[in-house]
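In what follows, a structure is listed as C-alpha cells, so that the remarks can point back to it.
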Amino acid sequence: MQQSQKEKVFDMHQLVHMALILWLKKRGEWAACVDKVISRLKELIPYGGHENEEIWTRYLPHAIHVAALDGVDELAMALLLDRVGQCRATLGQYRAAEETHRRVFSVREKTLGKEDPLTLASMNEVGVALGQQGEYEAAELIYRQALVVRKKVLPKNHRDTLMLMNNIAHALSRQGRYGEAEAMYKQTLMGYTKVLGEEQHSTLTSMNNLASTYRDQGRWCKTEILQLQVMETSKRTSGLEHPDTLISIGNLALKYRKQGRWDEAQELQVQVIEIRKRVPGPEHVSTLGSMLNLASTYYYKFKKVEVKNYKSYIKVNERNYI
Numbered sequence: 000m001q002q003s004q005k006e007k008v009f010d011m012h013q014l015v016h017m018a019l020i021l022w023l024k025k026r027g028e029w030a031a032c033v034d035k036v037i038s039r040l041k042e043l044i045p046y047g048g049h050e051n052e053e054i055w056t057r058y059l060p061h062a063i064h065v066a067a068l069d070g071v072d073e074l075a076m077a078l079l080l081d082r083v084g085q086c087r088a089t090l091g092q093y094r095a096a097e098e099t100h101r102r103v104f105s106v107r108e109k110t111l112g113k114e115d116p117l118t119l120a121s122m123n124e125v126g127v128a129l130g131q132q133g134e135y136e137a138a139e140l141i142y143r144q145a146l147v148v149r150k151k152v153l154p155k156n157h158r159d160t161l162m163l164m165n166n167i168a169h170a171l172s173r174q175g176r177y178g179e180a181e182a183m184y185k186q187t188l189m190g191y192t193k194v195l196g197e198e199q200h201s202t203l204t205s206m207n208n209l210a211s212t213y214r215d216q217g218r219w220c221k222t223e224i225l226q227l228q229v230m231e232t233s234k235r236t237s238g239l240e241h242p243d244t245l246i247s248i249g250n251l252a253l254k255y256r257k258q259g260r261w262d263e264a265q266e267l268q269v270q271v272i273e274i275r276k277r278v279p280g281p282e283h284v285s286t287l288g289s290m291l292n293l294a295s296t297y298y299y300k301f302k303k304v305e306v307k308n309y310k311s312y313i314k315v316n317e318r319n320y321i
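Per numbering that gives the first Met the number 0, the sequence shown starts with residue 0, numbered consecutively.
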C-alpha cells in the first residue's frame, strides 16, 4: 500500500485488494462491508451539480468499481449508479451517463416493475442523456413511452407527468416540429403555473423553452417578453451564477443575435463566459458552448481577430465525451 505524495489517498496493490476480499468473504463479512461502502459513497456522491465537484469526482471510479462487484444488492447498486449517471452528465460525459442510466433502468424494471416511480425516473434520465447527445428522436420515443405509464398511474398535472411533457416538447422543438412543441409547452406551462406557481424552477424552465420555440419561429416580441421575465425571476430567486440563470441569459443573447442586435448579444455572452470559466470551469462543455456562441456573434459582426482569439481558447477535451 502506498500513500500519494500529492493527495491524502492510498494506492492498494491489486493482489492485496483481492486477498482482503477473500478474507472478508471467508469470515462472512463481505456483504456487510459492501453495504457500508455503498452507504458511504452515497453520502459522498451527489445527484450531479458542481458543488464540491473536486471532491466527488475522486469517488466516481470507486462507485463504478463497487457497482460491478459480485453479490451487490441490485437496488442499492441502482441508487448509487443513479448518482453516478447524473454526475457524469454534469461532467459532460453524456454517452457514459446514458449507459449508466440504461443499466439502472434495466435493474429497476426487472426488480420493481415498469410502473414504479423509480423505473420511470430512470427512463426519463435515459431520454435526457440521449437528448444531450443530440439524439432527439430517440429521446422523444423514450419520453412518450414513460408518459403513457405516468398518465395511467398518476393524477392530472402531477409534477412527474408535467416534466415528461416538457421534455417531449423540447425534443420536438429540437427536431424542428415547432407547432407541436409550442402546443405541448403551453399545456405544460399551464400545469406548472397552477401546481407550483410562477417562480418555481420547473415553471421557469417551461417558460424559457416556450420562448425558445417562439424565437425559432421568428416571433421576436413574444420571445423577448418571456425571456426577460425568466431571466429577471431567475436572478432574483437563484442568483446570477446559477446554471438556470446563465441559460436564460444565453437564450436572450441568442435572440438578440438572430435579430442582428450584435452588441447586446455580445455583452450578455461575455458575461456568461466569464462566470462559467469560474464555475464549472474553462474546459467544461457548457463553457465551450458559450465560447462558440460568442465566436459566432463575432463572425456575424466580421470581427475576425476576436474569432481567432476565442478559437485558440476552445480546445475541446475528448474525455468530456467518453
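Every residue, glycine too, gets a C-beta built ideally from N, C-alpha and C.
Check your understanding: Going straight from the alpha carbon of residue 49 to that of residue 89, what length do you get?
Key -> Indexing the sequence shown from 1 puts residue 49 at position 50. Indexing the sequence shown from 1 puts residue 89 at position 90. If you take the alpha carbons of residue 49 and residue 89, they lie about 7 Å apart.
Review point. For residue 107 versus residue 74, is the C-beta distance shorter than 9 Å?
Key: What you label residue 107 is simply residue 108 of the sequence shown in a count that begins at 1. What you label residue 74 is simply residue 75 of the sequence shown in a count that begins at 1. In this structure, residue 74 lies closer than 9 Å to residue 107 by Cβ.
Check your understanding: Are the Cβ atoms of residue 200 and residue 243 separated by less than 9 Å?
Key -> Residue numbering aside, residue 200 sits at position 201 when the sequence shown is read from its first letter. Residue numbering aside, residue 243 sits at position 244 when the sequence shown is read from its first letter. Contact: yes.
Practice item. Select from 295, 46, 70, 255 the residue whose C-alpha is nearest the C-alpha of residue 34. Key: For this step, residue 34 is matched to residue 35 along the sequence shown. Of the candidates 295, 46, 70, 255, the one whose C-alpha sits nearest the C-alpha of residue 34 is 70.
Check your understanding: Is there contact between the stretch 179 to 194 and the stretch 220 to 240, where contact requires at least three CB pairs shorter than 8 Å?
Key -> no
Practice item. Run through the stretch 102 to 164 for me and flag every whole alpha helix (DSSP H) of 4 or more residues, listed as ranges in chain order. Key: 116 to 131, 135 to 152
Check your understanding: In whole angstroms, what separates the C-alpha of residue 206 from that of residue 195?
Key -> Locating residue 206 in the sequence shown gives position 207, counting from the first residue. Locating residue 195 in the sequence shown gives position 196, counting from the first residue. Near 13 Å, if we compare the C-alpha coordinates of residue 195 and residue 206.
**Study point:** Unbroken stretches of the alpha helix (DSSP H), 4 residues or longer, contained in the stretch 34 to 82
**Key:** 52 to 66
Practice item. Report all residues from its chain with a CB closer than 8 Å to the CB of residue 129; omit the five preceding and five following residues, and keep chain order. Key: By 1-based counting over the sequence shown, the position of residue 129 is 130. Excluding residues within five positions, the ones whose Cβ falls inside 8 Å are 97, 135, 137, 138, 141.
Review point. Which residue from 267, 166, 296 puts its Cα closest to that of residue 257?
Key: Position 258 of the sequence shown, counted from the first residue, corresponds to residue 257. Residue 257 has its Cα closest to that of 296, out of 267, 166, 296.
Exercise for review: Indicate whether residue 223 and residue 254 have their beta-carbon atoms separated by less than 9 Å.
Suggested key: Translated into the one-based positions of the sequence shown, residue 223 becomes position 224. Translated into the one-based positions of the sequence shown, residue 254 becomes position 255. It is a contact, given that the beta carbons lie within the stated cut-off.
Check your understanding: Does DSSP put residue 284 in a helix, in a strand, or in coil?
Key -> Position 285 of the sequence shown holds residue 284. In the structure shown, residue 284 sits in a helix (DSSP, three-state: H, G or I).
Review point. Is residue 265 near residue 249, with beta carbons less than 9 Å apart?
Key: Here residue 265 is taken as the residue at index 266 of the sequence shown, counted from 1. Here residue 249 is taken as the residue at index 250 of the sequence shown, counted from 1. No, these two residues do not count as a Cβ contact at 9 Å.
Practice item. Check whether the Cβ atoms of residue 100 and residue 84 lie closer than 9 Å to each other. Key: Taking the first residue of the sequence shown as position 1, residue 100 is located at position 101. Taking the first residue of the sequence shown as position 1, residue 84 is located at position 85. Yes; because the gap between Cβ atoms is below 9 Å, this pair is in contact.
Check your understanding: Taking just the CA atoms, how far does residue 37 sit from residue 316?
Key -> Locating residue 316 in the sequence shown gives position 317, counting from the first residue. Locating residue 37 in the sequence shown gives position 38, counting from the first residue. Since pLDDT at residue 316 reaches only 46, below the 50 mark, its modelled position is unreliable, and no value is offered.
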